[in-house]
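A quick write-up on the structure given underneath.
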Amino acid sequence: MRNIWIVARRELGALFVQPIAYVFAIIMTLITGLLFSAQISFSVFQGSVPANVSQIMSTFTFLAIFFAPAITMRLLAEEQQTGTIELLMTLPVTDLQVVLGKFLAAFLFYAMITALTLIYPAILLSFGNPDIGPMVSTYIGALLWGGALLGVGILASASSDNQINAFIIAFGIILVLYLTLIPAELFSVGPRLSAILSEISLQPHLNNFLDGLITAKDVLYFLVVTAVSLFAAARVLESRRWR
Amino acid sequence: MEELNEPVMIAVERLTKFYGNARAIEDISFSCRRGEIVGFLGPNGAGKTTTMRILTGYLPPTSGVARIAGYNTLTDSLQAREHLGYLPETVPLYREMSVEGYLAYIGRLRRVPNLWERIDEVLDAVGLAERAGSYIGHLSKGMRQRVGLAQAMLHNPEVLILDEPTIGLDPRQVVEVRELIKELGQRHTILLSTHILGEVEQLCDRVIMIIDGHIYADMPTSGLMGPNTVIRLHLASPSRDTARILRSLVGVQDVTNGADGVYHVRYDGGDETRAAIASTAVNASWGLLELTVERPTLESIFLERLREAEQRQAQTMEEEEE
Numbered sequence: 012m013r014n015i016w017i018v019a020r021r022e023l024g025a026l027f028v029q030p031i032a033y034v035f036a037i038i039m040t041l042i043t044g045l046l047f048s049a050q051i052s053f054s055v056f057q058g059s060v061p062a063n064v065s066q067i068m069s070t071f072t073f074l075a076i077f078f079a080p081a082i083t084m085r086l087l088a089e090e091q092q093t094g095t096i097e098l099l100m101t102l103p104v105t106d107l108q109v110v111l112g113k114f115l116a117a118f119l120f121y122a123m124i125t126a127l128t129l130i131y132p133a134i135l136l137s138f139g140n141p142d143i144g145p146m147v148s149t150y151i152g153a154l155l156w157g158g159a160l161l162g163v164g165i166l167a168s169a170s171s172d173n174q175i176n177a178f179i180i181a182f183g184i185i186l187v188l189y190l191t192l193i194p195a196e197l198f199s200v201g202p203r204l205s206a207i208l209s210e211i212s213l214q215p216h217l218n219n220f221l222d223g224l225i226t227a228k229d230v231l232y233f234l235v236v237t238a239v240s241l242f243a244a245a246r247v248l249e250s251r252r253w254r
Numbered sequence: 034m035e036e037l038n039e040p041v042m043i044a045v046e047r048l049t050k051f052y053g054n055a056r057a058i059e060d061i062s063f064s065c066r067r068g069e070i071v072g073f074l075g076p077n078g079a080g081k082t083t084t085m086r087i088l089t090g091y092l093p094p095t096s097g098v099a100r101i102a103g104y105n106t107l108t109d110s111l112q113a114r115e116h117l118g119y120l121p122e123t124v125p126l127y128r129e130m131s132v133e134g135y136l137a138y139i140g141r142l143r144r145v146p147n148l149w150e151r152i153d154e155v156l157d158a159v160g161l162a163e164r165a166g167s168y169i170g171h172l173s174k175g176m177r178q179r180v181g182l183a184q185a186m187l188h189n190p191e192v193l194i195l196d197e198p199t200i201g202l203d204p205r206q207v208v209e210v211r212e213l214i215k216e217l218g219q220r221h222t223i224l225l226s227t228h229i230l231g232e233v234e235q236l237c238d239r240v241i242m243i244i245d246g247h248i249y250a251d252m253p254t255s256g257l258m259g260p261n262t263v264i265r266l267h268l269a270s271p272s273r274d275t276a277r278i279l280r281s282l283v284g285v286q287d288v289t290n291g292a293d294g295v296y297h298v299r300y301d302g303g304d305e306t307r308a309a310i311a312s313t314a315v316n317a318s319w320g321l322l323e324l325t326v327e328r329p330t331l332e333s334i335f336l337e338r339l340r341e342a343e344q345r346q347a348q349t350m351e352e353e354e355e
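See below:
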């Protein structure tokens, strides 16, 4: 456990000396901020749906599809490219501890950026009287969703020593997981396959959280995707040496 | 030999490694005791780095066993790693970290007690105390090499494995790092690879030559130099009988006649014989210009071994063709 934290702490330090961390923070707050103010003006002047957090976080989580792989692409690919992995793998640290440490750092960073958006529910709560339940479920969903995307990203980063490749692999996997919903809903693939495809797809599981619904199945789905990715990443890291 | 009582810290038994179908090393066995500095010598691609990577647990062997301080590097990998400091060929540094930040990171993962004191000590030892706060990305190549060395010795490991530790250093730094290694070698077991032969002569108690994945020699560096048994004579006016006369001296085994009055005299190594050769040369008025004892250099021994290896390889290839 201590090793995981030591690795995570270094990784967070490395993240914050690079401009990428700040660029992400700015982009995410800028886009969600624009969206929020637009929501407010629409609901005030045109009497549409009241401003709500789940709409903002729906955009936020969609953007995470791009920025989660961008956070994780560096984590293991760079170590493999520069050769620092050779040191890390000869320290008294297990491969899984390294992977988990990297994941923890990425997840904490993601959580920090997510926390920046807490300003919107804070504003809503101070001026109105919105339902707190869906807000909580939305944020839980956003964190679980982020974990799954970052897990996939780490797996991609473990399997390549090129950051760009790592990004593309992660983005590809996430896109496939995201898009299985389309054949499930649009094409007549039969009810059985359609059900399976929409269970595999990332999006429907998140939608429940955004709608204010927390189900064990959805929680489990994200946790399983995360765990499988991370264990696979540790195995990949190991096997790349064995060849 | 008191060294024989020291415990074996590195034990390698019949180590073989294939990358796919390509053989990197085959059937390598050796061991190193505490307090030994062992030089790992060989041309590029001979299998030095592969062997070291197996010893550090970074690569698994195809077959055979490697032990560090008694721990199998494959099955007890974590314990083996605890007793080991490693400087890989490409120095593993995080450019965006400061020197002390980097050492602190490694030290925490290694559970080094009194970490900051130890970091100061180590930085002093490698002569980087004044650059503790510098970013690694801003350091020169020689300094980075020394940061790598600092990292390897940070936890005071019993075994140090150094892959080309003096590469990229300027001459003064080379001397400093060699002194440091020599000092460390008194308490630790050090296996270092190099293709600088002089380095092995200066630093190592023992040399292991590895060529094409096989060990071709494993001997003490002192034995390598051997008794000095060849004298080079440079004569201004040798007579036709010079070779015959020299050969007739007691203790002289062979005389070869080179060009320009240079003679190589192989003898029994005794001082008396050497004196006899000198006085004969003077008394016979051959115009003695120079008399030097030729030491077989590591270079010559190494190149000889390399030639042998190549010949053997050519032979086996011919046999296969037949």
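These protein sequences, in sequence, are chains A and B.
Residues in the first sequence are numbered consecutively from 12, following this note's numbering.
Residues in the second sequence are numbered consecutively from 34, following this note's numbering.
Note that beta-carbon positions come from the ideal geometry of N, C-alpha and C, so glycine has one too.
If we count the other Cβ atoms within 10 Å of its Cβ and call it buried at 16 or more, is residue i buried or exposed?
i, result
"A:L186", "exposed"
"B:D287", "exposed"
"A:P202", "exposed"
"A:G152", "buried"
"A:S240", "buried"
"B:Q206", "buried"
"B:S281", "exposed"
"A:Y232", "buried"
"B:H171", "exposed"
"B:N316", "exposed"
"A:F10", "This structure gives no information on residue 10 of chain A, because the portion of chain A shown stretches from 12 to 254."
"A:Q29", "exposed"
"A:E210", "exposed"
"B:R277", "exposed"
"B:L111", "exposed"
"B:M34", "Because the pLDDT of B:M34 is 41, which lies under 50, any placement of that residue in the model is unreliable, and the number read from its coordinates should be weighed accordingly. By the neighbour-count rule (16 or more Cβ atoms within 10 Å), B:M34 is not buried but exposed."
"A:I17", "buried"
"B:R340", "exposed"
"A:L204", "exposed"
"A:L45", "exposed"
"A:G144", "exposed"
"B:W149", "exposed"
"A:L136", "exposed"
"A:S250", "exposed"
"B:Q184", "buried"
"A:N14", "buried"
Bridge partners for residue i per DSSP, in chain order?
i, result
"B:Y300", "B:V285"
"B:I223", "B:I70, B:L193"
"B:I248", "B:I243"
"B:G118", "B:L193"
"B:K10", "With chain B running from 34 to 355 in the structure shown, residue 10 of chain B is simply not present."
"B:H267", "B:V295, B:E323"
"B:F361", "A query on residue 361 of chain B cannot be resolved here, the shown segment of chain B reaching from 34 to 355 and no further."
"B:Y168", "B:S131"
"B:S96", "B:T49"
"B:P253", "B:R239"
"B:N105", "B:R100"
"A:N63", "The partner list for A:N63 (beta bridge, DSSP) is empty, contrary to what the question assumes."
"B:N290", "B:Y296"
Just checking my contact of residue i with residue j at CB under 8 Å: how many whole Å lie between their CB atoms?
i, j, result
"B:R214", "B:L202", "Here residue 214 of chain B is Ile; the residue named in the question, Arg, does not match the sequence. No, B:I214 and B:L202 are not in contact; Cβ-Cβ is about 12 Å, not under 8 Å."
"A:L192", "A:L217", "A:L192 to A:L217, Cβ: 11 Å. No contact."
"B:R47", "B:G97", "4 Å"
"A:A116", "A:A19", "4 Å"
"B:G181", "B:V124", "4 Å"
"B:T227", "B:V192", "In fact, because the Cβ distance is near 17 Å, the residues do not count as touching under 8 Å."
"A:A245", "A:V110", "5 Å"
* To do: Run through the region 308-342 of chain B for me and flag every whole beta strand (DSSP E) of 3 or more residues, listed as ranges in chain order.
  => 321-327
* Validate contact between the region 125-139 of chain A and the region 125-139 of chain B using beta carbons, cut 8 Å, 3 pairs -> no
* Counting pairs of Cβ atoms below 8 Å between the region 39-54 of chain A and the region 148-167 of chain A, do you hit three or more? -> no
* the region 68-77 of chain A / the region 56-70 of chain B touching (three or more Cβ pairs under 8 Å) -> no
* Which runs of the alpha helix (DSSP H) spanning at least 4 residues fall entirely within the region 12-45 of chain A, listed in chain order? -> 13-27
* Asked: Given 8 Å as the limit, is there contact between the region 141-156 of chain B and the region 122-130 of chain B, that is, 3 or more CB pairs closer than that?
  -> no
* Counting only runs that start and end within the region 166-237 of chain A, where is the alpha helix (DSSP H) found for 4 or more residues in a row? -> 174-190, 192-197, 202-211, 213-221
* Asked: Using 8 Å as the Cβ pair cut-off and three pairs as the minimum, do the region 38-52 of chain B and the region 99-108 of chain B touch?
  -> yes
* the region 104-122 of chain B in contact with the region 155-174 of chain B per 3-pair CB rule at 8 Å -> no
* Which parts of the region 60-142 of chain A are runs of the beta strand (DSSP E), unbroken and 3 residues or longer, counting only runs that do not cross its ends? -> none
* Asked: For the 8 Å Cβ check, are there 3 or more pairs between the region 265-276 of chain B and the region 235-243 of chain B?
  -> no
* To do: May I ask you to verify whether the region 212-227 of chain A touches the region 82-100 of chain A, counting CB pairs closer than 8 Å and requiring at least 3?
  => no
* Asked: How about the region 76-95 of chain B and the region 152-165 of chain B: do they share at least three Cβ pairs that are nearer than 8 Å?
  -> no
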